[in-house]
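Everything on this sheet refers to the single structure shown next.
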Amino acid sequence: MKKKISLIGAGQIGGTLAHLIALKELADVVLFDVAEGIAKGKALDIAQSSGVSGSKINLIGTNNYKDIKNSDVIIITAGVPRKPGMTRDDLLGINLKIIKEVAEGIKNNSPNSFVICITNPLDVIVMALQKYSGLPHNMVVGMAGILDSSRFKYFLSKQLDIPVNKINSLVLGGHGDTMVPMLEQTEIDGVSLSKFLKDGKIDKKKLEEIVDRTRKGGAEIVKFLQKGSAFYAPAASGVEMAESYLKDQKKQLPCAVYLQGEYGVKNLYAGVPVIIGASGVEKIIELKLSDEEKKSFHQSIKAVEDLFSAAKKIDTNLN
Ligand code: APR
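Under the numbering used here, the letters of the sequence shown match residues 69 to 387, in that order.
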């Protein structure tokens, strides 16, 4: 049977998600946006490319939540993106209000879906989304780690002149300036990054620059674009999560999930490696972190906790 993906938010990421889903023929697509014309226009534009691509999926645009009924997957990008000079955290107040409305829409119309949140500030917004919607924790996840890891792998690949698909790495923690590229977990063509360092194939300073550029990867693009933030790489990352769920691929992917003691963190969403399959988040993988990685990870967790405290001050219902 054909699957259905609803995209809440038909802006830059929403439109790119719809196009990628159509090209992959992953599912029929409902593009939802408060700005009805944007959703309808993008759905029609992508649908009209099917004569070229041969894609057989159906697309519709809407501003009516009833149309998302019985979605297999829902991907949320509703909200406001950053402007130059802003941090993701600056979006908290406005996006929190939007996510409350979106959570109601999902709860009332498609409560059995696998829900992927992309709206920033990611970890806190996905936590609020789960609380507002009341959906099970294993069915509500945040997209950030795949994107951050992909940025890190790309920068390493350019520096080392090695194809990006030969680089294995992951970025954990919160999706902000404290995110943690896992250097000790990084392998290049089967060889550890520490061996690369030891052999002088990359120096420590260069590596620190790459880590820093990864952390600021989103801001670098915001500065170039001036209007809006990154959308191609975030959309590609969201689609990988949706596909692993729909096809029960059980891929191991870094995602923001609800931690209940794993990595020493309780009752908080943050980025860790998980298995995504037909039951949603099927397993949380607990990697053995080095002391330095542990320290950075917990610093990042602290930043997420602080921002969630700020969210609770904005809306006491989150307590
Ligand atoms: N319900 C549905 N859609 C909404 C709502 C709402 N309450 N409020 C705003 N939107 C829509 C806007 O009309 C817009 O079309 O969300 C869309 C957001 O699209 P863009 O402004 O193009 O932003 P985008 O680049 O797609 O990023 C969206 O994802 O990565 C994060 O930081 C980014 O929080 C931002 C989000």
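C-beta atoms are modelled at their ideal positions from N, C-alpha and C, and glycine is treated no differently.
In this structure, Ala212 lies away from Ala196, with their beta-carbon atoms at least 9 Å apart.
Gly345 carries a strand assignment under DSSP once its states are collapsed to helix, strand and coil. With fewer than 16 other beta carbons inside 10 angstroms of its own, Gly122 counts as exposed. Leu228: member of the alpha helix (DSSP H) spanning Gly213 to Leu228, first to last residue. Within its own chain, the residues whose Cβ lies closer than 8 Å to the Cβ of Ile142, once the five positions on either side in sequence are excluded, are Ile73, Ser74, Leu75, Ile76, Ile136, Ile174, Ser178, Ser181, Phe182, Val183 and Ile184, listed in chain order.
Around the beta carbon of Gln253, 16 or more other beta carbons sit within 10 angstroms, so the residue counts as buried.
Contact annotation, Ala310 with Leu94: C-beta distance approximately 7 Å; criterion of less than 8 Å satisfied.
By the criterion of a C-beta distance shorter than 7 Å, Ala107 is surrounded in its chain by Ala78, Leu99, Phe100, Asp101, Gly129, Thr130 and Asn131, once the five residues flanking it on both sides are discounted. Rounded to whole angstroms, the gap between the alpha carbons of Lys165 and Leu190 is 14 Å. Remark: C-beta atoms of Ile353 and Val340 approach each other more closely than 9 Å. In this structure, Val333 lies away from Asn206, with their beta-carbon atoms at least 9 Å apart. In this model, Ala146 and Pro302 are separated by some 14 Å (Cα to Cα).
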